[in-house]
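Chain order of the listed sequences is A and B. Its first residue numbered 1, the first sequence is counted upward by one per residue in the UniProt record's numbering. Its first residue numbered 1, the second sequence is counted upward by one per residue in the UniProt record's numbering. Comments concern the structure below.
There are 2 protein chains.
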Amino acid sequence: MNTVQPSAIRDLLALGADPAITSFGGGYPDATLFPRAALEGIFRDLLRDPSGDPLQYAPSDGLPRLRAQIAALMTQDGTPCAAEDVLILQGSQQGLDFAARMFVNPGDVIIVEDPTFLGALIAFAPSQPRYAAIPVDGDGMDIDALEATLAATPQARMLYTVPDFQNPTGVTLSLPRRHRLIDLANRHDLIVIEDTPYRHIRFAGDTLPTLKSLDTQGRVIHLGSFSKILVPALRLGWAVAAPHLLEKMGLLKVAADTQTSTLNMAAASLFLDRHDLAAHIATLRTAYRHKKEVMLDAIRHHFPQEVTVTDPEGGLFTWARFPEGFDATAFMRDHALPEARVAYVPGGTFFATTPRPNHARINFSAPSEDRIRAGIKALGHCLKTHL
Amino acid sequence: MNTVQPSAIRDLLALGADPAITSFGGGYPDATLFPRAALEGIFRDLLRDPSGDPLQYAPSDGLPRLRAQIAALMTQDGTPCAAEDVLILQGSQQGLDFAARMFVNPGDVIIVEDPTFLGALIAFAPSQPRYAAIPVDGDGMDIDALEATLAATPQARMLYTVPDFQNPTGVTLSLPRRHRLIDLANRHDLIVIEDTPYRHIRFAGDTLPTLKSLDTQGRVIHLGSFSKILVPALRLGWAVAAPHLLEKMGLLKVAADTQTSTLNMAAASLFLDRHDLAAHIATLRTAYRHKKEVMLDAIRHHFPQEVTVTDPEGGLFTWARFPEGFDATAFMRDHALPEARVAYVPGGTFFATTPRPNHARINFSAPSEDRIRAGIKALGHCLKTHL
């Protein structure tokens with residue numbers, strides 16, 4: 001439990017609360033895009049239900065109607081499944097916790113992207129894994145490197161990936177690599193955790209098939225989430241997995257917290273009944289695409305040439321690479337915060353094995369356009385002064 | 001993970017959904033007593049908040065204001081603590097999961113009441129514990145038996161108890177026994193999990209000090225819950241514990257699900273700001289006391305003399321003891337369900353070590369008075385026919 005210290009995340013959340021700081025640090029969606037009026041009507045009607053059912057206990061696997069609705073969304077997205085293939089989770093983070101508890105014993109190896117999602121490292125830490133970290137390029141995880149690592153790592157049990165608009169780099173796993181990843185998982189008997197919180201926030205290019213849809217052996221656990229496409233506060237995620245895996249996850253759900261909030265499950269279900277989720281997602285895509293462009297324009301204008309950033313096709317983040325020797329943590333503490341009044345996530349925390357401190361994750365979904373422009377300009381000035 | 005099968009609970013939940021069956025099986029509060037109008041106003045105002053904050057992410061330890069309000073409630077209840085001593089949980093069930101993960105390795109012994117809460121056995125099961133089960137009488141856990149067991153069980157790591165209106169028996173741990181329990185925990189270096197979901201639902205007698213309030217060595221983890229005093233659907237519980245324990249639980253919270261629902265935390269906080277929780281609890285006490293009396297009256301009239309039941313001073317359950325040789329599971333399947341159209345929880349599932357099948361847990365909080373009267377009458381007739 002002492003392997004990963006979430007203090008970095010906590011400190012950044014604390015900074016995000018200081019209105020004088022422009023925070024590019026969090027992974028927050030844009031609160032001005034929350035469908036507050038729709039939810040107000042939904043909660044009103046749920047609370048007026050004379051049965052009181054939306055306020056009562058509910059089945060631990062989730063409300064049957066919501067499971068069916070999620071199965072329909074998944075099927076529409078090219079991953080055919082039925083209600084009984086869906087387990088409602090307390091955010092997809094809970095699926096990461098369950099996966100580690102099911103498959104990872106101390107010393108087992110988890111394959112992750114290099115860099116990878118810090119929350120996953122935190123979820124896996126109590127199981128005391130070791131890691132093999134696979135480099136990432138513009139097409140996602142380097143599958144040649146994966147193949148070589150698997151050949152040398154018989155203790156590999158589980159592979160964790162964010163194939164769409166990866167956290168923190170923003171890159172997407174290409175279609176040929178998806179096929180090869182599944183092929184390697186089959187050959188090496190790996191469980192694959194496919195985490196897709198950003199999948200529907202696509203700005204450009206074509207949607208690629210989920211890893212789950214390419215899985216013929218029931219070894220992919222697909223995790224989805226309403227946090228980025230509806231609101232984070234409901235804490236609603238889901239798993240789609242083969243029956244023998246979902247059964248075990250269902251047992252852990254009973255053990256871990258009995259059930260997800262009935263009221264929140266009922267609200268999401270009614271949102272899907274009454275409103276057009278696809279239209280809402282289209283609104284989000286347009287808004288986040290625009291913010292991404294505002295940020296990348298500002299970076300091109302204001303950052304020194306030697307800093308490179310990714311241009312993601314979706315999601316919430318760009319990933320900056322600074323010259324070798326640059327320490328993004330020290331720079332934030334000594335310059336970005338006191339001089340530019342800007343926060344980001346220093347990249348070192350995202351590396352499971354060897355931290356590379358000359359990186360930063362920069363979020364464009366949460367801040368306003370004005371703050372993006374002003375914050376990037378100030379950060380660029382600060383970088384030019386000190387680089 | 002295969003140690004405890006929650007299928008019994010799932011099947012009973014399914015039965016509870018059949019309106020033709022009078023279910024005394026669940027642990028549901030009375031849905032007609034939910035403060036729906038108050039919550040409707042609260043959710044409306046939260047959803048109209050132009051900042052969108054109630055729909056955004058929140059700190060993993062819980063909303064600071066809610067933690068302070070819970071600390072005030074605990075202090076008022078005789079267990080002085082501050083906001084930073086409180087961790088918000090996804091129901092108190094999550095505290096059981098965390099406790100097992102923190103303190104129990106495979107083969108370690110957990111001390112439990114005999115019988116004990118099934119949900120705790122389910123939460124502890126993934127840690128593969130062994131159990132020492134301590135008999136319970138009208139004053140709660142038999143502390144002489146506990147002392148003898150501890151002397152013979154050096155592997156004992158953790159003690160789990162529901163001191164107030166225990167689930168399933170309804171009995172309350174007496175004050176002298178509370179002192180002796182803490183003394184034994186100190187001598188044997190035990191972690192004590194004090195689970196108090198029913199504590200505020202007292203019909204008679206004086207409120208007794210929490211075990212936490214008697215703990216001078218920081219070894220009691222107190223778990224509380226809004227499920228029975230507000231609504232279950234918010235999934236809001238909390239832990240109060242010494243800083244070094246709460247810190248570890250906080251790390252597990254980040255790992256397990258990042259945070260409890262922001263919206264639900266904000267709703268509970270606003271309920272405490274705007275409404276009189278003590279007055280609401282007084283209403284619940286009166287209503288449940290009445291239902292308990294209706295049920296015990298009906299049992300006295302209709303059950304055969306050889307069936308005894310507890311007369312709890314609070315909580316949601318009475319515990320029936322049938323003659324030796326009686327199998328409550330078979331009787332429910334063969335007679336109570338098909339003939340009397342009544343469900344209860346067969347007692348065997350509540351015993352951690354040796355099931356004693358001649359018991360049943362009978363809930364009086366959920367069914368209406370009319371159904372209590374008719375259901376107990378039908379069950380009594382059925383028992384008299386077959387005993």
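Each residue gets a CB set at the ideal place from its N, CA and C atoms; glycine is no exception. Since this is a predicted model, take the numbers as computed values, not measurements.
Among the residues of its own chain, which have a CB less than 6 Å from the CB of residue i, if the five just before and after it don't count?
i      : result
A/D61  : L87, G250
A/P323 : E306
B/P115 : P168, F350, F351
B/V109 : R130, A132, T153, Q155, A156
B/R65  : S269
B/D273 : none
A/T79  : T210, K212, S213
CA-CA distance, residue i and residue j?
i      : j      : result
A/I372 : A/M295 : 6 Å
B/L379 : B/A340 : 6 Å
A/M1   : A/K291 : Low per-residue confidence applies at A/M1: pLDDT is 37, beneath 50, and the placement is therefore not dependable enough to give any value.
A/C81  : A/A242 : 10 Å
A/L214 : A/M265 : 29 Å
A/S365 : A/I281 : 14 Å
A/V112 : A/A145 : 12 Å
B/R285 : B/G315 : 9 Å
A/L33  : B/L159 : 48 Å
A/L277 : B/E84  : 39 Å
A/N358 : A/P135 : 15 Å
A/Q76  : A/A68  : 12 Å
B/D185 : B/K212 : Checking the sequence, you will find Ala at residue 185 of chain B rather than Asp. The alpha-carbon atoms of B/A185 and B/K212 are separated by roughly 12 Å.
B/F24  : A/S269 : 29 Å
A/T308 : A/A58  : 49 Å
A/R202 : A/Q166 : 12 Å
B/V240 : B/L73  : 12 Å
B/G375 : B/S261 : 38 Å
With DSSP as the reference, label residue i as helix, strand or coil.
i      : result
B/I42  : helix
A/R202 : strand
B/D323 : In the sequence under discussion, the amino acid at residue 323 of chain B is Pro, which differs from the Asp named in the question. The answer is coil: DSSP assigns B/P323 none of H, G, I, E or B.
A/D114 : strand
A/N186 : helix
A/H359 : strand
A/E306 : coil
B/R333 : helix
A/G218 : coil
A/E313 : coil
A/A133 : strand
B/A58  : coil
B/Q90  : strand
B/V240 : strand
A/I193 : strand
A/G27  : coil
B/T318 : strand
Which same chain residues end up closer than 7 Å to residue i when comparing Cβ atoms and leaving out the 5 residues on each side of it in sequence?
i                      : result
residue 392 of chain B : The question about residue 392 of chain B has no answer here: the residues shown for chain B are numbered 1 through 387.
A/R335                 : Note on residue identity: the sequence assigns His, not Arg, to residue 335 of chain A. Cβ neighbours of A/H335 beyond the five flanking positions: C382, H386.
A/F98                  : M249, L252
B/T310                 : T169, G170, V171, T318, W319
Identify which residue in the options has its Cα closest to the Cα of residue i.
i                      : options                        : result
B/L55                  : B/L337, B/I111, B/H200, B/L263 : B/L263
A/P304                 : A/C382, A/H275, A/T310, A/E293 : A/C382
A/E293                 : A/D53, A/G224, A/E369          : A/E369
B/I182                 : B/T161, B/N363, B/K253         : B/T161
residue 458 of chain A : B/Y57, B/Q93, B/T318, B/I42    : In the structure as shown, chain A starts at 1 and stops at 387, and residue 458 of chain A therefore has no counterpart that could be examined.
A/E313                 : A/P50, A/N186, A/D164          : A/D164
A/A148                 : A/R180, A/L223, A/F326         : A/R180
B/A255                 : B/D18, B/G52, B/Q94, B/D53     : B/Q94
B/R177                 : B/G138, B/A151, B/R199         : B/G138
A/K384                 : A/L121, A/F271, A/F326, A/A38  : A/F326
B/T283                 : B/H200, B/I299, B/L337         : B/H200
Whose C-beta lies closer than 8 Å to the C-beta of residue i among residues of the same chain, with five residues either side of it excluded?
i                      : result
A/A20                  : R341
B/S225                 : G91, S92, T196, P197, L236, G237, W238
A/D142                 : I134, P135, V136
residue 390 of chain B : Examination of residue 390 of chain B is not possible in this model, given that chain B is present from 1 through 387 alone.
A/H275                 : P35, A38
Determine contact between the stretch 230-237 of chain B and the stretch 24-37 of chain B, defined as no fewer than three beta-carbon pairs at a distance below 8 Å.
yes
Determine contact between the stretch 170-181 of chain A and the stretch 218-228 of chain A, defined as no fewer than three beta-carbon pairs at a distance below 8 Å.
no
Is the stretch 176-195 of chain B touching the stretch 95-106 of chain B in the sense that three or more CB pairs, one from each, lie closer than 8 Å?
yes
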